[in-house]
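Just so we're aligned, residue 1 is where the sequence shown starts under UniProt numbering, counting upward by one.
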Amino acid sequence: MPLLLFPISPPCVPPPRPRLRRLSPPPPMAAVAPPSLSTPVTILPSVSVALPPLPPPATDDFHWLDLFAFLNSPADSYQIPVEEQEVEVEVEVEVGVERERERERERERERARKAEHRRLRQRQVKAETEAWARAADEYRELEREMLDRRLAPALPYVKSLFLGWFEPLRDAIARDQEVQRRKRVKHVYAKYLLLLPADKVAVIVMHKMMGLLMSSKDGVASVRVVQAAHCIGEAVERENRLNNVEALDSLALYTTDRCVRSWNFKVQTFFQKTRKKSAGENDLALEKEQAKCRKRVKSLVRRRKLTEAQKIVQQEIELEEWGTESQVKLGTRLIELLLDSAFVQSPADQTPESSPDIRPAFKHVLRQPIVENGRLKKKHWVIECDPLVHEGFESTARHVEIPYLPMLVTPKKWKGYDTGGYLFLPSYIMRTHGVKDQKEAIKSVPRKQLRKVFEALDTLGSTKWRVNRRVHNAVETIWSRGGGIAGLVDKENIPLPERPETEDPDEIQKWKWSLKKAKKANRELHAERCDTELKLSVARKMREEDGFYYPHNLDFRGRAYPMHAHLSHLGSDLCRGVLEYAEGRPLGKSGLRWLKIHLANKYGGGIEKLSHEDKVAFVENQLPDIFDSATNPVDGNCWWMNAEDPFQCLAACMDLSDALKSSSPQCAVSHLPIHQDGSCNGLQHYAALGRDYMGAAAVNLVPGDKPADIYSEIAARVLDVVREDSMEDPATNPTASLARVLVDQVDRKLVKQTVMTSVYGVTYIGARQQITKRLQEKGLITDDKLLYEVSCYATRVTLDALGQMFQSARGIMAWLGDCAKMIASENHPVKWTSPVGLPVVQPYKKYKNYMIALQRQKAAFPPNFVHSLDSSHMMMTAIACKKAGLHFAGVHDSFWVHACDVDKMNQILREQFVELYSMPILENLLKEFQTSFPTLEFPPCPSQGDFDVREVLASTYFFN
Numbered sequence: 001m002p003l004l005l006f007p008i009s010p011p012c013v014p015p016p017r018p019r020l021r022r023l024s025p026p027p028p029m030a031a032v033a034p035p036s037l038s039t040p041v042t043i044l045p046s047v048s049v050a051l052p053p054l055p056p057p058a059t060d061d062f063h064w065l066d067l068f069a070f071l072n073s074p075a076d077s078y079q080i081p082v083e084e085q086e087v088e089v090e091v092e093v094e095v096g097v098e099r100e101r102e103r104e105r106e107r108e109r110e111r112a113r114k115a116e117h118r119r120l121r122q123r124q125v126k127a128e129t130e131a132w133a134r135a136a137d138e139y140r141e142l143e144r145e146m147l148d149r150r151l152a153p154a155l156p157y158v159k160s161l162f163l164g165w166f167e168p169l170r171d172a173i174a175r176d177q178e179v180q181r182r183k184r185v186k187h188v189y190a191k192y193l194l195l196l197p198a199d200k201v202a203v204i205v206m207h208k209m210m211g212l213l214m215s216s217k218d219g220v221a222s223v224r225v226v227q228a229a230h231c232i233g234e235a236v237e238r239e240n241r242l243n244n245v246e247a248l249d250s251l252a253l254y255t256t257d258r259c260v261r262s263w264n265f266k267v268q269t270f271f272q273k274t275r276k277k278s279a280g281e282n283d284l285a286l287e288k289e290q291a292k293c294r295k296r297v298k299s300l301v302r303r304r305k306l307t308e309a310q311k312i313v314q315q316e317i318e319l320e321e322w323g324t325e326s327q328v329k330l331g332t333r334l335i336e337l338l339l340d341s342a343f344v345q346s347p348a349d350q351t352p353e354s355s356p357d358i359r360p361a362f363k364h365v366l367r368q369p370i371v372e373n374g375r376l377k378k379k380h381w382v383i384e385c386d387p388l389v390h391e392g393f394e395s396t397a398r399h400v401e402i403p404y405l406p407m408l409v410t411p412k413k414w415k416g417y418d419t420g421g422y423l424f425l426p427s428y429i430m431r432t433h434g435v436k437d438q439k440e441a442i443k444s445v446p447r448k449q450l451r452k453v454f455e456a457l458d459t460l461g462s463t464k465w466r467v468n469r470r471v472h473n474a475v476e477t478i479w480s481r482g483g484g485i486a487g488l489v490d491k492e493n494i495p496l497p498e499r500p501e502t503e504d505p506d507e508i509q510k511w512k513w514s515l516k517k518a519k520k521a522n523r524e525l526h527a528e529r530c531d532t533e534l535k536l537s538v539a540r541k542m543r544e545e546d547g548f549y550y551p552h553n554l555d556f557r558g559r560a561y562p563m564h565a566h567l568s569h570l571g572s573d574l575c576r577g578v579l580e581y582a583e584g585r586p587l588g589k590s591g592l593r594w595l596k597i598h599l600a601n602k603y604g605g606g607i608e609k610l611s612h613e614d615k616v617a618f619v620e621n622q623l624p625d626i627f628d629s630a631t632n633p634v635d636g637n638c639w640w641m642n643a644e645d646p647f648q649c650l651a652a653c654m655d656l657s658d659a660l661k662s663s664s665p666q667c668a669v670s671h672l673p674i675h676q677d678g679s680c681n682g683l684q685h686y687a688a689l690g691r692d693y694m695g696a697a698a699v700n701l702v703p704g705d706k707p708a709d710i711y712s713e714i715a716a717r718v719l720d721v722v723r724e725d726s727m728e729d730p731a732t733n734p735t736a737s738l739a740r741v742l743v744d745q746v747d748r749k750l751v752k753q754t755v756m757t758s759v760y761g762v763t764y765i766g767a768r769q770q771i772t773k774r775l776q777e778k779g780l781i782t783d784d785k786l787l788y789e790v791s792c793y794a795t796r797v798t799l800d801a802l803g804q805m806f807q808s809a810r811g812i813m814a815w816l817g818d819c820a821k822m823i824a825s826e827n828h829p830v831k832w833t834s835p836v837g838l839p840v841v842q843p844y845k846k847y848k849n850y851m852i853a854l855q856r857q858k859a860a861f862p863p864n865f866v867h868s869l870d871s872s873h874m875m876m877t878a879i880a881c882k883k884a885g886l887h888f889a890g891v892h893d894s895f896w897v898h899a900c901d902v903d904k905m906n907q908i909l910r911e912q913f914v915e916l917y918s919m920p921i922l923e924n925l926l927k928e929f930q931t932s933f934p935t936l937e938f939p940p941c942p943s944q945g946d947f948d949v950r951e952v953l954a955s956t957y958f959f960n
């Protein structure tokens, strides 16, 4: 239908114009929609319809060309001016150009990240595969320099020893290799000895032996022969495995023709060896198959199809493990060669007439039976070093090759028993220590069952760390000044007491005892100094790195550990203070509060027992000292040195000081990991297992206004008993005199370690040694006999108080022990599956006949079972934190994240604890036992209490 418009009058003739002017609003119009085409159109007679009067059109500044433009323009564009259209087009073009620039910058950053990752990966590969070769090259170069100049190079003391031992040991190994090649009937170790060059084997033997002696905790620099032989044999096997698989990753890193030819040569060499080996077997089919495979690999390498070539060679190379027996036999032979080749000479203080004092650097010694940590150690053979070698240990660490350093790139994801962790260094998901039962149990379970274990270890290994340089500077300054403060060991020995002038037998006996104690203390100080030097040497190596990673694996119970042994967050206060997250995150309001709480916890001294609000108040009252500690840690007021964990406290002081001095403290970036620790975590698991309300309340599973302190509670009970006994008559009660000596020394610290380890199977002797050490630290009892008697009395009272307070836990421990005894009586190790699917096998056997050690199986099962539960809780928490985007680190029952993420992690770990104990854990364990041993009649599960584990969700101090 026609569009009804008001007529325009009078008609006008438009003047010529260059372009259209701005449109005026169109005149009002009334339109009638056309009828639907699906129905016939009927023309109706004209009907007069009363329409409302329309307003007159606005004819001012209106032209008929405007109407024409209006009628021919899109409905949604007639009101937009041309000038604004041009501006919007220009803006859109500029935005598009800027977006493209940003995408290009992002692509450039991605290329830079990939290039940096390739560079770091190349460094990591070299560090893992070329360490021993570099050391051997260095000693050969030093030898050449010494011969050319006819002078001994100026070297550190221990490195000069290495140089003196290198040539005779290398030649001895080379002679032995030649002898074994010519023999018809070879020794068992011969085929392994011939796999590596003599110079590389010599370097491995020297460095591993010195590293083992340095790590000795007894202070006398000795190591068991079996342990040393196994460690050396294992190191040789690792190096041989590296030689076999080194080529598999080289082409992914380098693409030069030279490297391709080198790798191609290695492939040819391998298949050549394989062909010679099979030729004697007259297996023509196998020879043809190998020839075809060899041709296929060479063709792929020429065409740069490296992935396919790697897969084929990986399948062909045999990487079977040597086994503990072969490792020990090879290591024993190499130790024999070292003992025959390594000598030391006394300092040049001898007279010209005397013959030079040259003596062996190492001795093979039979150690007599001793009692250590409450257990009788039978006589055994050890390797001891000469005192001249022992003196140089404290400066040895920086010259000893340390294997399994932190990684510069993210570790390989775990996919199997020996697949994951380091790129080339042999890595195993579990530290089985040669126990076949545990190894076979891991290999036999479906990979799907271990999914959570793999994911948790990958999460722990993907956390990026770096050295806290400011804290490290403070440590190095204190160490250079002699140590002895802030928890660092003193560099000076304790002076030995002089022999008394009197000949009184009692005085002489006292002097002998004091001399023996002083020498033992000096040996322990020496071992601590060596350990500190090892830690600091790693910190110095990693100090300039932007970040590094710790691959993790498990012990047989499922607890996770970094594979690097010295400087890690699992270590001492020194290690934890020197390490921090490489990636920082803004604190936020909650993060600033948690940073203050963390600082108070690390200061200790009873502050950690206060409520969160009181901890924050304590820190705010100490701000001048905190600022001084951060600004001038070594030469200032040194408030941080009074803390229980001084270097962690110093790191928190620096972090808090930086935040509070910034313009916006909540926006300050923090790299410090904040800890949330379980409250006597072993008892927490027992209380949840037995649904024990009384035990749960004592270890903070129940909500409370302030943290419950189980250690103070036990100390109070012990003190009550001791006070009662001290009032008795010594004539009728022999313990009265002991109670009077002890009554003023009972405190939280005295009983803490015993309470903490009671659920992990601590024996009476072990508990007594713990309490004896605490009493020695107080220094109020000087008589050794009296100290022994008081320690025995205090141990009995402490264990009785524990038994009264945690009866449910004692019942569960007894039930677990009874089940273990029944299984071990059948000459089977105790086996079970943890809640995350990890198979656990107790390794305790009698080494003479390999029969099951019944008593050890029984005594160890309760603590090992609880360890498998706390490790399951940690793994479940790690996986959930990763999904939530948190950077998680864990040390058994201590969970770490950035300060801003503590609240989120607290929620997660409580939810995972509730999920863990929503499972029928003891019932599942009993069913597993009944399935494995259907002929045994196991006792029923212990009865449970009325504690609701969901109360943990509201408990503020469950982990704090």
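Note that the Cβ used here is the ideal one computed from N, Cα and C, for glycine as well.
In terms of DSSP beta bridges, what is residue i paired with?
i	result
G421	K412
A560	L554
G678	F959
S222	E384
D490	G483
M407	Y549
T833	P839
Under 7 Å Cβ to Cβ from residue i, same chain only, skipping five residues before and after it: list those, please.
i	result
D870	N681, H685, H892, D893
D946	R691, Y693
V669	G584, R585, P586
M813	P862
Within 10 angstroms of the Cβ of residue i, are there 16 or more other Cβ atoms? Answer buried if so, exposed if not.
i	result
K183	exposed
W640	buried
W594	buried
Y844	buried
A221	buried
Y603	buried
W132	buried
Going by C-alpha distance, which of the options is nearest residue i?
i	options	result
M206	L337, R296, L689, T432	L337
L525	G636, I710, V489	V489
K208	K845, A235, R241	A235
Y760	E533, Q676, V866, V746	V866
L926	Q912, P500, I823	I823
L689	K200, C638, Q807, N632	Q807
L701	G211, Y917, S868	Y917
S868	G421, V841, A853, A884	V841
A643	A521, G606, N621	G606
Whose C-beta lies closer than 6 Å to the C-beta of residue i among residues of the same chain, with five residues either side of it excluded?
i	result
P839	A441, V445, T833
Q770	Q753, T754
F162	M206
A801	I714, R717, V718
L936	M822
E608	N601
A615	It is Lys, not Ala, that sits at residue 615 in the sequence shown. I597, A600.
Could you name the residues of the same chain whose beta carbon sits closer than 8 Å to that of residue i, not counting the 5 residues immediately before and after it, in chain order?
i	result
F888	T459, L460, T463, T877, A878, C881, K882, F895, W896, V897, M905
S737	P730
Stretch-stretch touch, CB-based, cutoff 8 Å, three pairs: the region 446-454 with the region 407-426: yes
Given 8 Å as the limit, is there contact between the region 821-829 and the region 854-865, that is, 3 or more CB pairs closer than that? yes
For the region 658-669 and the region 482-498, state whether three or more C-beta atom pairs, one from each stretch, are separated by less than 8 Å. No contact exists between the region 658-669 and the region 482-498.
For the region 570-584 and the region 642-651, state whether three or more C-beta atom pairs, one from each stretch, are separated by less than 8 Å. yes
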